[in-house]
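Report on the following structure.
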Amino acid sequence: MRGASLLLLVVLSAAAASSPQLVGAVSRDNSLRIIQEDIIERINKHPNAGWTAGHNPSLANYTIEQFKHILGVKPTPPGLRAGVPTKTYSKSKELPKEFDARSQWPGCSTIGNILDQGHCGACWAFGAVECLQDRFCIHQSINISLSVNDLVACCGFLCGDGCDGGYPISAWQYFVENGVVTDECDPYFDQVGCKHPGCEPNYPTPACEKKCKVQKQVWQEKKHFSLDGYFVNSDPHDIMAEVYENGPVEVAFTVYEDLAHYKTGVYKHITGGVVGGHAVKLVGWGTSDAGEDYWLLANQWNRGWGDDGYFKIIRGTNECGIEGEVVAGMPSTKNMDITYDGGSGTATL
1 MRGASLLLLV VLSAAAASSP QLVGAVSRDN SLRIIQEDII ERINKHPNAG
51 WTAGHNPSLA NYTIEQFKHI LGVKPTPPGL RAGVPTKTYS KSKELPKEFD
101 ARSQWPGCST IGNILDQGHC GACWAFGAVE CLQDRFCIHQ SINISLSVND
151 LVACCGFLCG DGCDGGYPIS AWQYFVENGV VTDECDPYFD QVGCKHPGCE
201 PNYPTPACEK KCKVQKQVWQ EKKHFSLDGY FVNSDPHDIM AEVYENGPVE
251 VAFTVYEDLA HYKTGVYKHI TGGVVGGHAV KLVGWGTSDA GEDYWLLANQ
301 WNRGWGDDGY FKIIRGTNEC GIEGEVVAGM PSTKNMDITY DGGSGTATL
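Reminder that position 235 of the sequence shown reads as 235 in full-length UniProt numbering, one-by-one numbering, no gaps.
Put into structure tokens, the structure is as follows:
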């Protein structure tokens with residue numbers, strides 16, 4: 001038993017050492033506010049920043065420590081990668097110079113939604129659920145909102161630690177094995193005694209109850225599954241091809257202090273220390289007027305952050321590791337009784 005424990009410690013230490021999310025540290029007092037005037041000034045005076053910093057209302061009252069807590073991507077242990085396929089695409093595949101999943105699939109309302117994870121470090125779950133529900137619409141013509149709470153509360157140690165962080169690829173494996181119920185069945189925020197958005201700073205991992213909050217709805221009947229879970233090769237062409245063919249993907253990257261201050265433009269790290277790893281939804285790409293290639297991403301810090309909840313980050317240089325861990329999966333018809341309306345092209349459950 002002692003030998004096994006030692007081996008586990010060595011493996012976890014090696015994973016942590018190799019992860020970009022754990023490199024560096026914030027030198028400031030963690031009790032200070034994450035929004036700092038000196039960071040805003042430094043970025044906005046930087047001649048080559050390419051983006052504008054400012055005050056983001058949704059993070060106005062967050063301390064550095066609270067901000068660190070919502071960055072819930074844990075370093076992926078090598079064991080979790082074993083046996084997980086990585087998708088690649090032919091370089092001969094032609095792709096547009098600009099792409100936005102919102103305009104490509106205008107009938108899919110979930111693609112343009114900006115959610116709010118509050119004070120729970122559940123970004124790993126949000127990115128996965130958002131992408132899966134988008135893909136249900138894209139591939140099966142079903143507009144549906146799926147439950148982040150199911151994943152955060154019920155996946156358990158296999159996904160990580162709920163509101164204290166988790167592994168994006170494990171979320172997709174959970175979809176394959178267990179499915180995920182609708183948001184109506186198991187909503188993320190409990191409105192009783194909890195003022196949305198955010199709830200209290202010490203928002204705990206919810207209990208897994210496995211029952212719908214709506215009367216007469218049956219938990220297992222509301223489950224929606226993924227066919228698979230996979231990594232996408234880190235080459236930008238492969239990421240673009242995956243989004244173009246199948247819809248938004250979940251990406252994990254390293255967050256520095258300056259990202260909290262992002263307002264507009266194409267982000268690249270300018271100043272501040274590492275605060276953690278974060279997962280978001282990648283919905284498109286393009287090139288700025290200044291000639292900078294970028295990725296377009298939807299965050300889940302509500303529309304009071306960034307550019308109405310979105311941000312752009314420089315593309316093609318693996319900025320902050322944004323191209324290094326891309327995950328996705330395809331929706332399944334398992335557990336679904338679908339009737340198609342040939343005239344409208346929509347489907348009902």
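Glycine included, every Cβ here is placed at the ideal spot set by N, Cα and C. Predicted model only: the values in this text are computed from it and were never measured.
No Cβ-Cβ contact shorter than 9 angstroms links tyrosine 167 with tryptophan 219.
As DSSP reads the structure, tyrosine 203 sits in no beta bridge. In this structure, serine 226 sits near methionine 330, with a CB-CB distance shorter than 9 angstroms. Per DSSP, the continuous alpha helix (DSSP H) segment holding tyrosine 174 begins and ends at 168 to 177.
Of the candidates Ala128, Trp285, Leu297, Trp285 places its Cα closest to the Cα of leucine 95.
In this structure, the alpha-carbon of arginine 303 lies about 15 angstroms from that of phenylalanine 126.
Segment contact: the segment 275 to 283 against the segment 298 to 316, three or more CB-CB distances shorter than 8 angstroms; contact assigned.
For tryptophan 285, the uninterrupted beta strand (DSSP E) segment begins and ends at 274 to 287.
The alpha-carbon of lysine 223 is positioned some 5 angstroms away from that of valine 180.
Counting along the chain, valine 73 sits inside no alpha helix (DSSP H), nor does DSSP assign it H or E at all.
Per the C-alpha coordinates, the member of Gly54, Asn48, Asp29, Lys45 positioned closest to leucine 259 is Gly54. The alpha helix (DSSP H) runs of length 4 or more contained entirely in the segment 35 to 119 are, from start to end of the chain, 37 to 45, 64 to 69, 78 to 81, 101 to 104. Aspartate 235 sits in coil when the DSSP states are folded into three classes, being neither helix nor strand.
Pairing leucine 80 with lysine 45, the inter-Cα distance amounts to about 43 angstroms. Here glycine 160 is bridged, per DSSP, to Gly166. Around phenylalanine 311, the same chain offers Tyr262, Tyr267, Leu297, Asn299 as residues with beta carbons nearer than 7 angstroms, after the five sequence neighbours per side are excluded.
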